[in-house]
Structure formats: structure tokens, C-alpha cells
Amino acid sequence: GIGGMLLLTGLFVLCLDASIRAFSGPDVPQLSYASIAVVFLAGNALGSAAPTPGGMGAVEGALTLGLIAVGLPKEVAAPAVLLYRVMTLWLPVLPGWICFNQLTRKGEL
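First residue of the sequence shown: 1, per the UniProt record's numbering; consecutive thereafter.
Structure below.
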């Protein structure tokens, strides 16, 4: 329901924040959770309009430009967004792919 979607969105924002912190140094200004949330929501809205699976390309570009617009250096924004997308888009595919192959071999699919 709505509570689950709010929780999921909040966790995605925290994941993006962790990715930003992974590439930030002491001289990089820290962004507020609110500004990261606005960038996240806007980036995903733009990505939903893209004709690619999972908004590939569009979400990355929108998130990177959004983070730069709120004051994050591009040297931090680009790798942080790529790490975030690997963790939230590509990493979850791996267990699904493994299960799909096992179920296909067993003839259960």
C-alpha cells in the first residue's frame, strides 16, 4: 500500500545518500535528505517517461544533473549515481537470473 511505497522511496533516498557519501570528501558539501528526495523523485518521474527498460539512461542523466543543480560537484555526482543504479537496478537482477536458470533447468518454468 501507500506505507510500503513511502518506505521504499525513503530507503531509495537513503541509498542514494549513501552512494553520494561514498564518493564525497571533507571538502564536498553535504546535501539534505530533502534535496536528495526532490532530485530522486524528479529523476524517477523523468525516467518513467523514457522508452527504455527501467528508465536506463534517462534516470542516470536526470539524477546526475539534478544533484549537480543542488550543489554537488560533477566528480561526485556521476559516480554516486552509477553506484546507486548498480545497487538498485542491476544487483537485484542477479538473484532473479540465477533462480530463472535453476527453474528452467529443472523444467519448472
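Don't be surprised by glycine CBs; every beta carbon is placed ideally from N, CA and C.
Note that the coordinates shown come from a computational prediction; the quantities given were computed from them, not determined experimentally.
- With respect to residue 86, residue 67 sits apart: the two C-beta atoms are not nearer than 8 Å.
- Rounded to the nearest whole angstrom, the CA to CA distance from residue 10 to residue 100 is 29 Å.
- With fewer than three CB-CB distances shorter than 8 Å, the region 19-36 does not count as touching the region 46-55.
- If the five residues before and after residue 74 are omitted, its C-beta is found closer than 8 Å to the C-beta atoms of 64 and 68, all from its own chain and listed in chain order.
- For a cut-off of 8 Å, the C-beta gap from residue 47 to residue 62 is around 6 Å, short enough to register as a contact.
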